[in-house]
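Protein chains in written order, with this note's numbering: chain A, 21 to 420; chain B, 2 to 316; chain C, 32 to 397.
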């Protein structure tokens, strides 16, 4: 509780970002010291050297938020989301390079397995694209979902020869996925795309056949954007897509790209990590309507604008969908936190501290949230306020 | 069917000239040529069927070899997977550990089971045991994997582990070894047993020294087949073995282990060229391993047959 | 399965006294010293235990699956077989209790499209595989020299030995696109619009679907049928065949009147066995089917979901259902699948055991 109070202070918007946050967080680190009695000052200073080598800043300000790992050898395991998998694969070797005594094994098994394995204590970190449901939290009271980074989702289409960038609204997309719009030159599509000559190609909506966090945020976008067509309650990681004859299921984001590439007239929702693939497959990327009526593409600026508008609304446990903000005029409307699912009761204090250390590094803008890592997968860093909240959640991890 | 007693036909009066009764020379010639044509068509269809078997083998193998060798680096065999890139050393080592483990388990249980069915089981009483084993081989692999996950991994708290993987895979392939052992033992002439019995050997001793020896090649072949199938399985392992970027550890429980089929299934859907390359290379290694085992089993068959032919020649 | 025989050409005589090949107990003879007779008892009981294990594993498998599936059987009822929706419900709303079982709000499962998809893909596989396997066995036994027939045997073993995930990769990346671009459009255009063949008309899709899955399944079951048929054909008495030839029959007529009646039961058994394998095949179909839920396939190019493929692709997201209903429903689906493939297996073996001399192969028929 003591920890939460500190972070509440941090949540007030601060222009000078990292410096002040970290200074405020210094007591948090010491709070952890008091809490677990394990963080040694010596270790703190060793992380100072480590961090100063990566950033050129001479002084310590940004450092204390990264907790130092234990000095003993620890092997951490991670499994879960296939969307986070590539990022963990960049993080793990980089972190082991900093601290050779910490090794992290990663696996991409899917978010559900990540959550289940973390709950069962079979892995240390479960990776998930979606936050835990209240029923899951009730079942596993110790389970935390800690925001790690921000991902966005593209809406892609395959209409060869189309000039210009198509604009799509949640209503139009929902009508395509429910079979109410069957051709691309439908009046509703034409109305929001003046000046673009639309073909009469049939619309072929693609969906994920495996359960996926992508389906979760995509269905929420339609549920929030046009509940009358899609249904306000019709969202989840695996939902019953309307059985329309042209609908096609695809396995994984990779399957979505290749399926859409060979299906003229397709519309698909694809994680932004796959942007290079969609471009080399010549898929179009739609500008989509946000909660204020603007049509935008997912860019660093629009994703950050959306995440900033949700930063203060994000509850301490991180469980929120950042879809269809009604306040961010320049916010891209389908983004989400990627979560680390971690059990707050660990078997040993060494493991607990290793997890705290690694995750605190991963979410730090001078550590794993640096652009050098995130840009490789198209992710964006957490807003400072959310970093502080994630830090606070980390502090609750202890040995049982 | 085509047998027509001579003289019963009335050459000109038959109302059905196509029927067999009609033996007019012109009709018979026409009919004969039609039968010949049907025969030719039949063999043509059979040849096409053979091509239909050969074509996919060639197509699959060519495709796998081509994509696997496209940008082959030997480092794939010596480095571990880093994320979706790097090498496959961890998967190769994991697969070998799994296969050796399965071979040990199945070698003990399967051979012992086969010995019982062939040597000890009273005639006509082993049907249930034999049937149970044979039918087990028909259980879908994903069902085994699912049950392995909910019972071993979750309920017994084994976690993603070598133990769970070995248990599920062993259950899957043990019928092959039971069957191979039983068949091989049954093909050992009874005279061997009678002879050793006449010499006063206890049947356990005779089994070990006299009966098992000629049956051994067949048993080993069955074991190799079981290993080949264990190498190529995916569905039972996805939710029992997990996956690991590291080399196998000495832990039986709570330590996920890598295997070669995982990159094929998982990496081909990843957005990176390095992942696709690993998937292609893993597919190539899988096919090479499977074919290697088939070749080894063939060699065993060939060598032992030649051996038994030459050794039995003087008698 | 090719098993080297210790003494080739010698048939295996049945045990003379009905007690197995071990014959009368050695110690029945008076005056013989009994070395290690307790070991023999241990060997007997040890091997007996080992022989019990596979059957016990089968029973354990079914029981574990049944226990896991019970809530889903109660919750879904028998409407599971007729409903066409596959809706896991909303995991983020409070769960509801239906039929005494907790489930997410709005959850409703129906396996009808999956059962149809599984049966349809397996049927396509059998329609292709049976004639191909039979023709191959015929030509191997009657036309090819020994060396070549060995090569074909090797080909069949290769087909049986190639991992199913490799077939899946081939189907997804090579065969599917090839069919969709070069074969299916032609078939779809030229097929007449009459019953049955109508299923070959319509949009050809992108290559994932029934036809691709059926073809890859056919490739996978051909070895089972072909190798069994080959072994059976080799047992057809030469004298009868030569007699038929002497009567002036063509090869085809010999096959129809002598060979087929002789091998019929065994071949049917092998086909049913192959069907069992096609029904249960997981990875290849998961990669080649498109794995859609809740849609009954409309033509042979439609994407579909198979029971096994859905278990593998849905288990992960099912784990996020806090009520456990999704996982239990997959167990129900697995139970139905297990029942179907085991029935095929048992049926095949009973058929063959009663009426044929050759035993069916185990598993993939290597």
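Positions of the beta carbon are idealized from the N, C-alpha and C atoms, including for glycine.
>> Buried or exposed, going by whether 16 or more other CB atoms sit within 10 Å of the CB of residue 240 of chain A?
In response: As a first step, residue 240 of chain A must be located in the first chain, where it is residue number 220. Counting Cβ neighbours within 10 Å, residue 240 of chain A comes out buried, since at least 16 surround it.
> Which bits of chain C does residue 230 of chain A rub up against, with CB to CB less than 8 angstroms?
Replying inline: Within the first chain, the letter at position 210 stands for residue 230 of chain A. Contacts between residue 230 of chain A and chain C, judged by CB atoms closer than 8 angstroms, involve 322, 344, 345, 347 and 348 in chain order.
> Using 7 angstroms as the limit for Cβ to Cβ distance, is residue 271 of chain A near chain C?
Replying inline: Position 251 of the first chain, counting from 1, holds the residue named residue 271 of chain A. It does: the Cβ of residue 271 of chain A has a partner Cβ on chain C nearer than 7 angstroms.
>> Counting only Cβ pairs nearer than 9 angstroms, list the residues of chain C close to residue 140 of chain A.
In response: Against the first chain, residue 140 of chain A aligns to sequence position 120. Those do not exist, as residue 140 of chain A stays about 10 angstroms from chain C at its closest Cβ, beyond 9 angstroms.
> Nearest to residue 258 of chain A by CA position, among A:237, A:251, A:250 and A:210, is which residue?
Replying inline: Along the first chain, read from residue 1 onward, the residue named residue 258 of chain A stands at position 238. Comparing Cα-Cα distances from residue 258 of chain A to each of A:237, A:251, A:250 and A:210, the minimum goes to A:237.
>> With a threshold of 7 angstroms on Cβ separation, who are the neighbours of residue 172 of chain A within its own chain once the five nearest residues in sequence on each side are excluded?
In response: By 1-based counting over the first chain, the position of residue 172 of chain A is 152. Result list for residue 172 of chain A: 292, 318, 323, 352, 354 and 355, in chain order.
> What is the DSSP secondary structure of residue 173 of chain C, counted as helix, strand or coil?
Replying inline: Indexing the third chain from 1 puts residue 173 of chain C at position 142. The answer is helix: DSSP assigns residue 173 of chain C an H, G or I state.
>> Whole angstroms are fine: how far does the CA of residue 333 of chain C sit from the CA of residue 142 of chain C?
In response: Within the third chain, residue 142 of chain C is the residue found at index 111, counting from 1. Within the third chain, residue 333 of chain C is the residue found at index 302, counting from 1. Rounded to the nearest whole angstrom, the CA to CA distance from residue 142 of chain C to residue 333 of chain C is 17 angstroms.
>> Quick test of your reading: residue 210 of chain C and residue 238 of chain C, contact by CB under 8 angstroms. State the CB separation rounded to the nearest angstrom.
In response: For this step, residue 210 of chain C is matched to residue 179 along the third chain. For this step, residue 238 of chain C is matched to residue 207 along the third chain. Approximately 6 angstroms separates the beta-carbon atoms of residue 210 of chain C and residue 238 of chain C; this is inside 8 angstroms, confirming the contact.
> What three-state label does DSSP hand residue 218 of chain A in the structure shown?
Replying inline: As a first step, residue 218 of chain A is located in the first chain; it is residue number 198 there, counting from the start. Residue 218 of chain A: coil per DSSP, three-state reduction.
> Within the 7 angstroms Cβ cut-off, does residue 117 of chain C reach chain B?
Replying inline: By 1-based counting over the third chain, the position of residue 117 of chain C is 86. Among the residues facing chain B, residue 117 of chain C is not included, as its CB has no counterpart in that chain under 7 angstroms away.
> According to DSSP, what are the bridge partners of residue 237 of chain A?
Replying inline: Stepping through the first chain from its first residue, residue 237 of chain A is reached at position 217. Answer by DSSP bridge pairing: none, since residue 237 of chain A is not bridged.
> Is there a Cβ from chain A that is less than 7 angstroms from the Cβ of residue 122 of chain C?
Replying inline: Taking the third chain and counting its residues from 1, one reaches residue 122 of chain C at position 91. Against chain A, the CB of residue 122 of chain C has a partner CB under 7 angstroms away; the residue lies at that interface.
> Should residue 74 of chain A be flagged as near chain B, meaning a C-beta pair shorter than 7 angstroms?
Replying inline: Indexing the first chain from 1 puts residue 74 of chain A at position 54. Residue placement at residue 74 of chain A cannot be trusted, given a pLDDT of 40 that sits under 50; what the coordinates show is reported in the next sentence. False, the Cβ-Cβ gap to chain B never drops below 7 angstroms.
>> Could you pull the DSSP bridge partners for residue 232 of chain A from this structure?
In response: Sequence index remark: in the first chain, residue 232 of chain A carries index 212 (1-based). DSSP lists no bridge partner for residue 232 of chain A.
> Is the region 336–345 of chain C touching the region 191–210 of chain C in the sense that three or more CB pairs, one from each, lie closer than 8 angstroms?
Replying inline: Taking 8 angstroms as the limit for Cβ pairs, the verdict is that the region 336–345 of chain C does not touch the region 191–210 of chain C.
> Over what stretch of residues does the beta strand (DSSP E) that includes residue 98 of chain A continue unbroken?
Replying inline: Residue numbering aside, residue 98 of chain A sits at position 78 when the first chain is read from its first letter. Taken as a continuous stretch (DSSP letters only), the beta strand (DSSP E) holding residue 98 of chain A covers 94–100.
> Using a Cβ cut-off of 8 angstroms, which residues of the region 228–262 of chain B contact any Cβ in chain C, in chain order?
Replying inline: Residues 229, 230, 232, 233, 234, 235, 236, 239, 240 and 262.
> Exposed or buried, residue 325 of chain C, counting other C-beta atoms within 10 Å across all chains shown (16 or more means buried)?
Replying inline: Position 294 of the third chain holds residue 325 of chain C. Burial is judged here by how many other beta carbons sit within 10 angstroms of a residue's own beta carbon; residue 325 of chain C has at least 16 and is buried.
>> Does the CB of residue 56 of chain C have a neighbour CB from chain A at under 7 angstroms?
In response: Position 25 of the third chain holds residue 56 of chain C. Residue placement at residue 56 of chain C is poorly supported in this model, since its pLDDT is 48, which falls under 50; the coordinates still yield a value, given next. Interface flag for residue 56 of chain C against chain A is unset, since no Cβ pair is found closer than 7 angstroms.
> Would you report the Cα separation of residue 51 of chain A and residue 270 of chain B, rounded to the nearest angstrom?
Replying inline: Here residue 51 of chain A corresponds to residue number 31 of the first chain, with the count starting at 1. Here residue 270 of chain B corresponds to residue number 269 of the second chain, with the count starting at 1. Reliability fails at residue 51 of chain A, whose pLDDT of 40 lies under 50, so the model's placement of it is uncertain and the value that follows must be treated cautiously. Computed Cα separation, rounded: 44 angstroms.
> Quick one, which of C:185, C:168, C:283 and C:115 has its alpha-carbon nearest residue 148 of chain C's?
Replying inline: Within the third chain, numbered from 1, the residue matching residue 148 of chain C stands at position 117. The shortest Cα separation from residue 148 of chain C among C:185, C:168, C:283 and C:115 belongs to C:115.
>> When you compare the CB of residue 113 of chain A with every CB in chain B, is at least one pair closer than 7 angstroms?
In response: Here the question's residue 113 of chain A lines up with position 93 in the first chain. Yes, contact with chain B.
> Since residue 203 of chain A sits in a beta bridge, which residues does DSSP pair it with?
Replying inline: By one-based count along the first chain, residue 203 of chain A stands at place 183. DSSP lists A:222 as the beta-bridge partner residues of residue 203 of chain A.
> From which residue to which residue does the alpha helix (DSSP H) around residue 265 of chain C run?
Replying inline: Here the question's residue 265 of chain C lines up with position 234 in the third chain. Run containing residue 265 of chain C: none; DSSP gives neither H nor E here.
>> Assess contact between the region 238–248 of chain B and the region 115–131 of chain A, defined as three or more Cβ pairs (one per stretch) separated by less than 8 angstroms. Is contact present?
In response: Contact between the region 238–248 of chain B and the region 115–131 of chain A is present, because at least three Cβ pairs lie under 8 angstroms.
>> Whole angstroms are fine: how far does the CA of residue 134 of chain B sit from the CA of residue 74 of chain C?
In response: Here residue 74 of chain C is taken as the residue at index 43 of the third chain, counted from 1. Here residue 134 of chain B is taken as the residue at index 133 of the second chain, counted from 1. Spanning the two alpha carbons is a distance of roughly 20 angstroms.
>> Assuming the contact rule is C-beta atoms closer than 8 angstroms, residue 261 of chain B and residue 283 of chain B should be a hit. Round their C-beta distance to whole Å, please.
In response: Translated into the one-based positions of the second chain, residue 261 of chain B becomes position 260. Translated into the one-based positions of the second chain, residue 283 of chain B becomes position 282. Between residue 283 of chain B and residue 261 of chain B the Cβ distance is about 5 angstroms, and since that is below 8 angstroms, they are a contact.
>> By the 8 angstroms beta-carbon criterion, what residues does the region 33–59 of chain B contribute toward chain C?
In response: Those would be 36, 37, 39, 40, 43, 44, 46, 47, 48, 49, 50, 51, 53, 54, 55, 57 and 58, in chain order.
>> If we define contact as Cβ-Cβ less than 7 angstroms, is residue 160 of chain A a contact residue for chain B?
In response: Residue 160 of chain A sits at position 140 when you count from the first residue of the first chain. With 7 angstroms as the cut-off, residue 160 of chain A does not count as an interface residue toward chain B.
> Taking the C-alpha atoms as reference points, what is the distance between residue 118 of chain A and residue 278 of chain B?
Replying inline: Here residue 118 of chain A refers to the residue found at position 98 of the first chain. Here residue 278 of chain B refers to the residue found at position 277 of the second chain. Using only the alpha carbons, I get a separation of about 29 angstroms.
>> For residue 236 of chain B and residue 212 of chain B, what's the separation of their Cα atoms in angstroms?
In response: On the second chain, residue 236 of chain B is found 235 positions in, with the first residue counted as 1. On the second chain, residue 212 of chain B is found 211 positions in, with the first residue counted as 1. CA-to-CA, the gap between residue 236 of chain B and residue 212 of chain B works out to about 38 angstroms.
> Does the Cβ of residue 213 of chain C have 16 or more other Cβ atoms within 10 Å, making it buried, or fewer, making it exposed?
Replying inline: What you label residue 213 of chain C is simply residue 182 of the third chain in a count that begins at 1. With fewer than 16 Cβ atoms within 10 Å of its Cβ, residue 213 of chain C is classed as exposed.
> Residue range of the alpha helix (DSSP H) that residue 59 of chain B falls in?
Replying inline: Translated into positions along the second chain, residue 59 of chain B becomes position 58. Run containing residue 59 of chain B: 26–70, per the alpha helix (DSSP H) assignment.
>> Strictly below 7 angstroms CB to CB, what residues from chain B border residue 188 of chain C?
In response: Start at 1 with the first residue of the third chain, and residue 188 of chain C comes out as number 157. Around residue 188 of chain C, the beta-carbon contacts reaching into chain B at under 7 angstroms are 295.
> If you measure beta-carbon to beta-carbon, which residues of the region 271–296 of chain C are closer than 7 angstroms to chain B?
Replying inline: Those residues of the region 271–296 of chain C placed with their C-beta closer than 7 angstroms to a C-beta in chain B are 278, 279, 280, 281, 282, 283, 284 and 288, ordered along the chain.
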